[in-house]
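In the working numbering, the protein residues as written are 11 to 80.
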């Protein structure tokens, strides 16, 4: 079984696309040297650590509306 499961992760974001984008951005930050606040992550790879951070609310995903008013 995968941890955290996609069903549990969908409570943290509004869509699977948002989850993928947020996890990829955070994984890139981790790869470039940023440190995780997790004490002992279950994952060994950056994407897994990023997903754990989102699941445990160390990282929050907020929706940004690109629409500009005229």
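Backbone N, C-alpha and C define an ideal beta-carbon position, used for all residues, glycine too.
Quick caveat: nothing in here was measured; it's all calculated off a predicted structure.
Per-residue DSSP class, three states only, for residue i
i: residue 28; result: helix
i: residue 17; result: helix
i: residue 11; result: Residue confidence for residue 11 is low, a pLDDT of 45 falling below 50, so the modelled location carries little weight and cannot support an answer.
i: residue 35; result: helix
Closest by C-alpha distance to residue i, when choosing among the options
i: residue 31; options: 66, 53, 68, 57; result: 57
i: residue 46; options: 63, 13, 20, 22; result: 63
i: residue 72; options: 54, 15, 16, 25; result: 25
i: residue 69; options: 42, 50, 36, 53; result: 36
Cβ neighbours of residue i in the same chain (closer than 7 Å, five flanking residues each side left out)
i: residue 40; result: 46, 56, 59, 60
Local Cβ density within 10 Å of residue i, reported as buried at 16 or more and exposed below that
i: residue 27; result: exposed
i: residue 16; result: exposed
Spatial neighbours of residue i in its chain, beta-carbon cut-off 8 Å, leaving aside the 5 residues before and after
i: residue 18; result: 65
i: residue 49; result: none
Own chain, CB closer than 6 Å to residue i, minus 5 neighbours either side, in chain order
i: residue 51; result: 59, 62
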